[in-house]
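Q: Residue numbers (the UniProt record's numbering), protein chains in the order written: chain D, 1 to 496; chain P, 1 to 87.
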Ligand code: SF4
Ligand code: SF4
Ligand code: SF4
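Below is the structure:
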């Protein structure tokens, strides 16, 4: 019943296969390959689960559920729920009817939109009427849209059955800890059984409910993704344990996200100057946990009300005012959507086959050290963005085993324009900080000034692979570095 | 006997969902939420604690009838006083 063939009758062969032994197909390999075929079919076109799909399919979120039943120290209710989205951007609160209209308007105009999520501000399950009436209407009126929901888990066990009744096949639970002592440092209180319950006692209730909810969803064959916010000094040492526990209970992905806290957000952690992890710390934790469980590395902590494909936000085209004026023929839209989806699937299948052969003809000795590279990309899996226009970089690792996707690094997160970015040109300083550990940056073009600055920071700019597929370009640069003897010195990984 | 919502309220709807007497509504235009002074019972007879102020996440957003905050500054977040936002 949950096996939704949203994209119609794609055959087995059209599904990108995760098992590329070469390791060259980026995220597909390290995130999806361990999944069973049925799970893979359910997530391969979900932009939040597959980096490849992220380049071709789009998701959107609507804010219909403002209330919350707990307090997280990284949240200030004036902003979006940090569980799923970047704080600091206020979403437009919609009624369920408005949310349905908006979703269908976007789906008709952006056929690549495959997934609708209800996220912050607030907890969807603390607002069950609004959340489920939105889902009910969409399941009826727009059956080709997948639905997803993220929750703090407190109310989850009560709604496990209701969740099976809609086009929902993934639920995200934010689980930051399984130890109430740690929990008390993250959650000051929960509202439970008509009382505000504080401290360790409150955290224990939340943790128990999260685990119970996770178990119930797995029993009902709903895919569960677990998100954790990495809080250095609080739960960073504990998240490997969280990963182990949620995996043993059947969660299919564990996604570690960095804390984003600034004093101006007004959150407890922001005001108390709790720091977030550096890109390197985050990656180390993700690596540590991935021995345990496949991680989702490309989560961008999307803005809760963002609309559109990777890196773009077309929200301004879909304000309530404009939507009210639109006439939507959803029957016709569904036909068009199916055509677009089929074409993308074919494209994805082709791309997967091609990237499998990337490193077949190059013999790089197995002991050669791996190299991290940053890519400026506007999407489509290509090196196709001007360095100066990139707000985020995709980080890939090249090694003798091939090329794999590692993470995203947002530049605006590391540059606040203030003294945190170091001296001189603060924007560029912020980018260099964000690219810590990378030895090359691939883009379509780059100006002379940033070129020099990057070079002197030990990051080699490269504009020679414009419009090439990312995996191919990264591999070519890696081979070149090898041939120039840059990988044979006994210098291990650069950490500059 | 009634509680009162003041303008530190961020319109999160939480209190409205838990009020046993249906006394809470959204203010007109973009104003904050309001408690009907005639029907609010302070939850006496329904619950041990007033429900609205037990779920409200914002310190000093809900007041007793004498004007003192039900959740004073620092009582929900644990923030020290010198971090108090300017009221
Ligand atoms: S669950 Fe979401 S809305 Fe609720 S306090 Fe936590 S981050 Fe904020
Ligand atoms: S005190 Fe109780 S009755 Fe009064 S507004 Fe709050 S929840 Fe409603
Ligand atoms: S719970 Fe508090 S902040 Fe939220 S609407 Fe009610 S009074 Fe306002």
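Virtual Cβ for every residue (Gly too), placed ideally from N, Cα, C. These numbers come from a predicted model, not from an experiment.
Taking the alpha carbon of residue 283 of chain D as the reference point, which residue from D:258, D:267, D:211 has its own alpha carbon closest?
A: For this step, residue 283 of chain D is matched to residue 283 along the first chain. Ranking D:258, D:267, D:211 by Cα distance to residue 283 of chain D puts D:258 first.
Q: For residue 447 of chain D, which residues from the same chain have a beta carbon less than 8 Å from its beta carbon, with the 5 sequence-adjacent residues on both sides left out?
A: For the purposes of this step, residue 447 of chain D is taken as residue 447 along the first chain, with counting starting at 1. Taken in chain order, the residues that qualify are 387, 388.
Q: Let me check understanding here. Comparing Cα to Cα, which of D:454, D:438, D:337, D:456 lies closest to residue 478 of chain D?
A: For this step, residue 478 of chain D is matched to residue 478 along the first chain. When each option's Cα is compared against that of residue 478 of chain D, the closest is D:438.
Q: Could you check what DSSP says for residue 1 of chain P in three-state terms: helix, strand or coil?
A: Numbered from its first residue, the second chain carries residue 1 of chain P at position 1. Of the three classes helix, strand and coil, the one that applies to residue 1 of chain P here is coil, per DSSP.
Q: Residues of chain D with a CB under 9 Å from the CB of residue 21 of chain P: which are they?
A: Residue mapping note: residue 21 of chain P aligns to position 21 of the second chain, counting from 1. Here the premise fails: no neighbours, minimum Cβ distance about 14 Å.
Q: Between residue 328 of chain D and residue 190 of chain D, which are expected to be in contact by the criterion C-beta below 8 Å, what is the C-beta distance as a whole number of angstroms?
A: Here residue 328 of chain D refers to the residue found at position 328 of the first chain. Here residue 190 of chain D refers to the residue found at position 190 of the first chain. With a Cβ gap of about 40 Å, residue 328 of chain D and residue 190 of chain D do not count as contacting.
Q: Excluding five sequence neighbours on each side, which residues of the same chain lie with their C-beta closer than 7 Å to the C-beta of residue 334 of chain D?
A: Reading the first chain from its first residue, position 334 is the one you call residue 334 of chain D. Here the set comprises 144.
Q: Compute the Euclidean distance between the alpha carbons of residue 3 of chain P and residue 262 of chain D, then round it to the nearest angstrom.
A: The residue labelled residue 3 of chain P in the question sits at position 3 within the second chain. The residue labelled residue 262 of chain D in the question sits at position 262 within the first chain. So the alpha carbons of these two residues sit roughly 33 Å apart.
Q: Would residue 79 of chain P count as contacting chain D if we go by Cβ distances under 9 Å?
A: Position 79 of the second chain, counted from the first residue, corresponds to residue 79 of chain P. Yes - at least one Cβ of chain D is within 9 Å of the one on residue 79 of chain P.
Q: Locate the beta strand (DSSP E) running through residue 150 of chain D, then write down its first and last residues.
A: As a position in the first chain, residue 150 of chain D is number 150, starting the count at 1. Run containing residue 150 of chain D: 146-151, per the beta strand (DSSP E) assignment.
Q: Quick one: what does DSSP say residue 168 of chain D is sitting in, helix, strand or coil?
A: Here residue 168 of chain D is taken as the residue at index 168 of the first chain, counted from 1. Three-state DSSP puts residue 168 of chain D in a strand.
Q: Would you please verify whether the beta carbon of residue 413 of chain D is less than 9 Å from any beta carbon of chain P?
A: To locate residue 413 of chain D, count along the first chain from 1; it is residue 413. For residue 413 of chain D, the pLDDT reaches just 42, beneath the cut-off of 50, and the residue's location in the model is therefore unreliable, leaving the point undetermined.
Q: Does at least one heavy atom of ligand 2 sit under 8 Å from the Cβ of residue 58 of chain P?
A: Position 58 of the second chain, counting from 1, holds the residue named residue 58 of chain P. False, no ligand heavy atom lies under 8 Å from that Cβ.
Q: Output the boundary residues of the beta strand (DSSP E) element that contains residue 257 of chain D.
A: Indexing the first chain from 1 puts residue 257 of chain D at position 257. Segment 253-258, the beta strand (DSSP E) holding residue 257 of chain D.
Q: Determine the extent of the beta strand (DSSP E) in which residue 501 of chain D is found, giving its start and end residues.
A: As displayed, chain D neither begins before 1 nor continues past 496, which places residue 501 of chain D out of reach and without an answer.
Q: Enumerate in chain order the residues of its own chain whose CB-to-CB distance from residue 203 of chain D is below 7 Å, with the five nearest sequence positions on each side excluded.
A: On the first chain, residue 203 of chain D is found 203 positions in, with the first residue counted as 1. These residues qualify, in order along the chain: 180, 183, 184, 187.
Q: Please tell me whether residue 54 of chain P has its Cβ less than 9 Å away from any Cβ of chain D.
A: For the purposes of this step, residue 54 of chain P is identified with residue 54 of the second chain, where counting begins at 1. Yes, contact with chain D.
Q: Taking DSSP's pairing of strands, which residues face residue 371 of chain D in a bridge?
A: Position 371 of the first chain, counted from the first residue, corresponds to residue 371 of chain D. BP columns for residue 371 of chain D point to D:398.
Q: Ordered along the chain, which non-local residues of its own chain (more than five positions away) have a Cβ less than 6 Å from that of residue 43 of chain P?
A: Taking the first residue of the second chain as 1, we reach residue 43 of chain P at position 43. Excluding residues within five positions, the ones whose Cβ falls inside 6 Å are 50, 51.
Q: From residue 443 of chain D to residue 470 of chain D, what does the alpha carbon distance come to, in whole angstroms?
A: Position 443 of the first chain, counted from the first residue, corresponds to residue 443 of chain D. Position 470 of the first chain, counted from the first residue, corresponds to residue 470 of chain D. A direct Cα-to-Cα measurement between residue 443 of chain D and residue 470 of chain D gives close to 10 Å.
Q: Cα separation between residue 399 of chain D and residue 367 of chain D?
A: The sequence position of residue 399 of chain D within the first chain is 399, counting from 1. The sequence position of residue 367 of chain D within the first chain is 367, counting from 1. Their Cα atoms are separated by approximately 9 Å.
Q: Which runs of the alpha helix (DSSP H) spanning at least 4 residues fall entirely within the stretch 41-79 of chain P, listed in chain order?
A: 51-55
Q: Please decide whether residue 68 of chain D counts as near chain P, where near means a Cβ-Cβ distance under 9 Å.
A: Sequence index remark: in the first chain, residue 68 of chain D carries index 68 (1-based). At a cut-off of 9 Å, the C-beta of residue 68 of chain D has a neighbouring C-beta in chain P.
Q: Just to confirm, does residue 144 of chain D get its C-beta within under 8 Å of one of the non-hydrogen atoms of ligand 1?
A: Position 144 of the first chain, counted from the start, is the residue given in the question as residue 144 of chain D. Result no, Cβ not under 8 Å from ligand 1.
Q: Can you tell me which residues form a DSSP beta bridge with residue 341 of chain D?
A: Residue mapping note: residue 341 of chain D aligns to position 341 of the first chain, counting from 1. In DSSP, residue 341 of chain D forms no bridge with anything.
Q: Hey, residue 147 of chain D and residue 138 of chain D are a contact pair by Cβ (cut 8 Å); roughly how many whole angstroms apart?
A: The residue labelled residue 147 of chain D in the question sits at position 147 within the first chain. The residue labelled residue 138 of chain D in the question sits at position 138 within the first chain. Confirmed, Cβ separation roughly 6 Å.
Q: At 8 Å on the CB atoms, spell out the chain P contacts of residue 365 of chain D, in chain order.
A: By 1-based counting over the first chain, the position of residue 365 of chain D is 365. Correct list: empty, because the minimum Cβ distance to chain P is about 55 Å.
Q: Within the 9 Å Cβ cut-off, does residue 76 of chain P reach chain D?
A: Stepping through the second chain from its first residue, residue 76 of chain P is reached at position 76. Cβ-Cβ to chain D under 9 Å: yes for residue 76 of chain P.
Q: According to a CB-to-CB cut-off of less than 8 Å, which residues of the stretch 232-247 of chain D neighbour chain P?
A: none
Q: Look at the alpha carbon of residue 131 of chain D and the alpha carbon of residue 97 of chain D, and state the distance between them as a whole number of angstroms.
A: Working through the first chain from its first residue, we reach residue 131 of chain D at position 131. Working through the first chain from its first residue, we reach residue 97 of chain D at position 97. Going by the C-alpha atoms only, they are around 11 Å apart.
Q: Taking residue 60 of chain D as part of the beta strand (DSSP E), name the residues at either end of that continuous run.
A: Working through the first chain from its first residue, we reach residue 60 of chain D at position 60. Start and end: 58-62.
Q: Find out if the Cβ-Cβ distance for the pair residue 129 of chain D, residue 317 of chain D is shorter than 9 Å.
A: Position 129 of the first chain holds residue 129 of chain D. Position 317 of the first chain holds residue 317 of chain D. No; because the gap between Cβ atoms is not below 9 Å, this pair is not in contact.
Q: With H, G and I counted as helix, E and B as strand and the rest as coil, what does DSSP make of residue 406 of chain D?
A: The residue given as residue 406 of chain D occupies position 406 in the first chain. Strand at residue 406 of chain D.
Q: Closer than 9 Å, CB to CB, is residue 11 of chain P near chain D or not?
A: Translated into the one-based positions of the second chain, residue 11 of chain P becomes position 11. Taking Cβ atoms only, chain D reaches closer than 9 Å to residue 11 of chain P, which makes this a yes.
Q: I'd like the span of the alpha helix (DSSP H) that includes residue 131 of chain D, first residue to last.
A: As a working note, residue 131 of chain D is residue 131 in the first chain. Here the alpha helix (DSSP H) through residue 131 of chain D covers 128-141.
Q: Could you tell me the distance, in whole angstroms, from the CA atom of residue 383 of chain D to the CA atom of residue 196 of chain D?
A: As a working mapping, residue 383 of chain D is identified with position 383 in the first chain. As a working mapping, residue 196 of chain D is identified with position 196 in the first chain. Their backbone Cα atoms lie some 51 Å apart in a straight line.
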